[in-house]
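Student:
Residue numbers (our numbering): 145 to 338.
#1: Given that a residue counts as buried once 16 or more other Cβ atoms are within 10 Å of its Cβ, and exposed if not, what is residue 215?
#2: Buried or exposed: which applies to residue 298, given that a residue is buried once 16 or more other Cβ atoms fall within 10 Å of its Cβ?
#3: How would you write the range of the beta strand (DSSP E) that residue 311 sits in, first residue to last?
#4: Going by DSSP, which residues form a beta bridge with residue 235?
#5: Measure the alpha-carbon distance for residue 187 versus residue 258 and round it to whole angstroms.
#6: Going by DSSP, name the residue or residues bridged to residue 147.
#7: Report all residues from its chain with a CB closer than 6 Å to the CB of residue 329; omit the five preceding and five following residues, and keep chain order.
#8: Residues in the same chain with beta-carbon distance under 7 Å from residue 303, minus the five sequence neighbours each way, listed in chain order, please.
#9: Can you check which of these residues, 251, 225, 301, is closest to residue 266 by C-alpha distance?
#10: Could you tell me the distance, in whole angstroms, from the CA atom of residue 169 to the CA atom of residue 305?
#11: Nearest to residue 185 by alpha carbon, out of 292, 334, 287?
Shown next as C-alpha coordinates:
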(Lines of atoms letter the chains of each structure in order from A; the text may use other names.)
(Lines give C-alpha, C1' and ligand atoms only; values in the text may rest on other atoms or scores of the structure.)
Protein backbone atom coordinates (compact mmCIF):
# COMPACT_ATOMS: atom_id res chain seq x y z
CA UNK A 145 0.00 0.00 0.00
CA UNK A 146 2.07 2.97 -1.20
CA UNK A 147 2.16 6.25 0.73
CA UNK A 148 0.06 4.83 3.56
CA UNK A 149 0.19 8.06 5.59
CA UNK A 150 -2.69 9.51 3.60
CA UNK A 151 -5.41 7.71 5.56
CA UNK A 152 -6.87 7.99 9.05
CA UNK A 153 -5.00 11.02 10.34
CA UNK A 154 -6.90 12.48 13.28
CA UNK A 155 -5.90 16.03 12.44
CA UNK A 156 -4.02 18.21 9.97
CA UNK A 157 -0.76 17.94 11.89
CA UNK A 158 2.48 18.73 10.11
CA UNK A 159 4.49 15.50 9.76
CA UNK A 160 7.84 17.22 10.22
CA UNK A 161 9.06 15.85 13.52
CA UNK A 162 10.79 18.59 15.42
CA UNK A 163 13.74 17.68 17.55
CA UNK A 164 13.90 20.14 20.41
CA UNK A 165 17.56 19.57 21.21
CA UNK A 166 20.54 17.47 20.23
CA UNK A 167 21.93 14.95 20.79
CA UNK A 168 19.18 12.50 19.90
CA UNK A 169 19.51 8.72 20.02
CA UNK A 170 17.43 6.22 18.06
CA UNK A 171 17.10 2.54 17.20
CA UNK A 172 17.09 2.09 13.43
CA UNK A 173 17.39 -0.40 10.58
CA UNK A 174 20.34 0.84 8.46
CA UNK A 175 19.69 0.65 4.70
CA UNK A 176 23.07 1.03 2.97
CA UNK A 177 21.56 0.01 -0.38
CA UNK A 178 19.33 3.09 -0.23
CA UNK A 179 22.31 5.39 0.37
CA UNK A 180 23.99 4.09 -2.78
CA UNK A 181 20.74 4.20 -4.78
CA UNK A 182 19.74 7.74 -3.77
CA UNK A 183 23.25 9.13 -4.30
CA UNK A 184 23.54 7.48 -7.71
CA UNK A 185 20.07 8.54 -8.88
CA UNK A 186 20.12 12.07 -7.54
CA UNK A 187 23.71 13.21 -7.74
CA UNK A 188 25.28 12.82 -4.33
CA UNK A 189 24.77 12.62 -0.57
CA UNK A 190 21.76 14.23 1.05
CA UNK A 191 21.73 16.33 4.19
CA UNK A 192 18.87 16.51 6.67
CA UNK A 193 18.44 20.14 7.76
CA UNK A 194 19.74 20.48 11.30
CA UNK A 195 21.24 16.97 11.26
CA UNK A 196 23.86 16.98 8.51
CA UNK A 197 24.48 13.81 6.54
CA UNK A 198 22.60 10.90 8.13
CA UNK A 199 23.02 7.33 6.85
CA UNK A 200 19.87 5.95 5.18
CA UNK A 201 17.72 4.14 7.72
CA UNK A 202 14.21 3.30 8.81
CA UNK A 203 13.62 4.46 12.38
CA UNK A 204 12.16 1.96 14.80
CA UNK A 205 12.26 3.98 18.03
CA UNK A 206 13.39 7.55 18.61
CA UNK A 207 14.05 9.40 20.75
CA UNK A 208 15.71 6.76 22.91
CA UNK A 209 17.97 6.77 25.96
CA UNK A 210 20.73 9.38 25.90
CA UNK A 211 24.13 7.93 25.00
CA UNK A 212 25.47 8.23 28.56
CA UNK A 213 22.50 6.19 29.89
CA UNK A 214 22.99 3.22 27.53
CA UNK A 215 24.25 0.78 30.15
CA UNK A 216 25.11 -2.93 29.90
CA UNK A 217 21.57 -3.96 30.89
CA UNK A 218 20.09 -1.88 28.05
CA UNK A 219 22.51 -3.32 25.49
CA UNK A 220 21.75 -6.84 26.76
CA UNK A 221 17.98 -6.22 26.46
CA UNK A 222 18.41 -4.86 22.93
CA UNK A 223 20.68 -7.75 21.95
CA UNK A 224 18.17 -10.32 23.22
CA UNK A 225 15.30 -8.51 21.46
CA UNK A 226 17.02 -8.45 18.07
CA UNK A 227 18.37 -11.98 18.47
CA UNK A 228 14.71 -13.05 18.26
CA UNK A 229 14.23 -11.19 14.95
CA UNK A 230 14.70 -13.20 11.77
CA UNK A 231 16.50 -11.40 8.91
CA UNK A 232 13.96 -10.29 6.34
CA UNK A 233 13.69 -8.83 2.88
CA UNK A 234 11.65 -5.81 1.90
CA UNK A 235 11.33 -3.36 -0.96
CA UNK A 236 11.43 0.40 -1.14
CA UNK A 237 8.50 0.90 -3.49
CA UNK A 238 7.37 4.51 -3.84
CA UNK A 239 8.54 8.10 -3.45
CA UNK A 240 6.07 9.71 -1.03
CA UNK A 241 5.63 12.95 0.85
CA UNK A 242 4.26 13.59 4.32
CA UNK A 243 2.13 16.68 4.91
CA UNK A 244 4.64 19.41 5.64
CA UNK A 245 7.00 18.42 2.85
CA UNK A 246 9.09 15.51 4.17
CA UNK A 247 9.97 13.21 1.24
CA UNK A 248 10.47 9.51 1.86
CA UNK A 249 10.71 6.06 0.30
CA UNK A 250 7.96 3.69 1.40
CA UNK A 251 9.03 0.19 2.57
CA UNK A 252 6.86 -2.84 1.83
CA UNK A 253 5.78 -4.81 3.69
CA UNK A 254 5.48 -2.01 6.24
CA UNK A 255 3.90 -4.25 8.87
CA UNK A 256 7.24 -5.75 9.89
CA UNK A 257 8.58 -2.31 10.83
CA UNK A 258 5.37 -1.37 12.67
CA UNK A 259 5.51 -4.61 14.65
CA UNK A 260 9.16 -4.06 15.62
CA UNK A 261 8.39 -0.49 16.70
CA UNK A 262 5.40 -1.60 18.77
CA UNK A 263 7.40 -4.39 20.43
CA UNK A 264 10.32 -2.07 21.21
CA UNK A 265 7.89 0.43 22.72
CA UNK A 266 6.52 -2.36 24.95
CA UNK A 267 10.09 -3.16 26.03
CA UNK A 268 10.85 0.55 26.64
CA UNK A 269 7.43 2.11 27.41
CA UNK A 270 8.97 5.40 28.53
CA UNK A 271 9.98 6.03 24.89
CA UNK A 272 6.96 6.29 22.58
CA UNK A 273 7.78 6.42 18.85
CA UNK A 274 8.68 10.00 17.86
CA UNK A 275 7.94 11.11 21.39
CA UNK A 276 4.24 10.36 20.87
CA UNK A 277 3.91 13.12 18.25
CA UNK A 278 1.93 11.06 15.71
CA UNK A 279 -1.24 8.99 15.80
CA UNK A 280 0.03 6.24 13.53
CA UNK A 281 3.35 4.57 12.83
CA UNK A 282 4.38 5.19 9.22
CA UNK A 283 7.58 3.30 8.41
CA UNK A 284 9.66 5.40 6.04
CA UNK A 285 13.15 6.15 4.78
CA UNK A 286 13.57 9.92 4.66
CA UNK A 287 15.12 11.36 1.49
CA UNK A 288 15.94 15.03 2.06
CA UNK A 289 15.36 17.41 -0.82
CA UNK A 290 18.49 19.15 -2.08
CA UNK A 291 18.47 22.93 -1.89
CA UNK A 292 16.21 24.27 -4.62
CA UNK A 293 14.92 20.79 -5.53
CA UNK A 294 11.23 19.91 -5.57
CA UNK A 295 9.33 16.68 -4.99
CA UNK A 296 8.59 16.22 -8.72
CA UNK A 297 12.29 16.36 -9.66
CA UNK A 298 13.25 13.92 -6.91
CA UNK A 299 10.43 11.55 -7.87
CA UNK A 300 11.56 11.66 -11.52
CA UNK A 301 15.14 10.82 -10.48
CA UNK A 302 14.25 7.97 -8.12
CA UNK A 303 11.20 6.25 -9.63
CA UNK A 304 12.98 4.36 -12.45
CA UNK A 305 15.05 2.46 -9.86
CA UNK A 306 12.06 1.38 -7.76
CA UNK A 307 11.21 -1.03 -6.33
CA UNK A 308 14.59 -1.46 -4.66
CA UNK A 309 15.03 -4.87 -3.02
CA UNK A 310 16.72 -4.73 0.38
CA UNK A 311 17.69 -7.31 3.03
CA UNK A 312 17.65 -6.36 6.73
CA UNK A 313 19.94 -8.38 9.00
CA UNK A 314 20.70 -5.96 11.84
CA UNK A 315 19.52 -2.91 13.71
CA UNK A 316 21.72 -0.14 15.04
CA UNK A 317 21.66 2.56 17.68
CA UNK A 318 22.48 5.95 16.15
CA UNK A 319 23.21 9.20 17.93
CA UNK A 320 23.01 12.52 16.12
CA UNK A 321 24.59 15.60 17.61
CA UNK A 322 26.19 18.82 16.41
CA UNK A 323 29.05 16.82 14.88
CA UNK A 324 26.83 14.51 12.80
CA UNK A 325 25.60 10.95 13.19
CA UNK A 326 27.51 8.07 14.78
CA UNK A 327 26.68 4.40 15.19
CA UNK A 328 26.88 3.54 18.88
CA UNK A 329 26.29 -0.15 18.35
CA UNK A 330 25.07 -2.75 15.87
CA UNK A 331 22.49 -5.36 16.88
CA UNK A 332 22.54 -8.41 14.58
CA UNK A 333 19.30 -10.30 14.05
CA UNK A 334 19.21 -13.98 15.01
CA UNK A 335 20.66 -16.27 12.34
CA UNK A 336 22.11 -13.24 10.51
CA UNK A 337 24.79 -15.42 8.98
CA UNK A 338 22.12 -17.58 7.31
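Even glycine gets a Cβ: it sits at the ideal position worked out from N, Cα and C.
Tutor: Put simply:
#1: exposed
#2: buried
#3: 308-312
#4: 252, 309
#5: 31 Å
#6: In the DSSP output, where bridge partners are listed per residue, residue 147 has none listed.
#7: 317
#8: 239
#9: 225
#10: 31 Å
#11: 287
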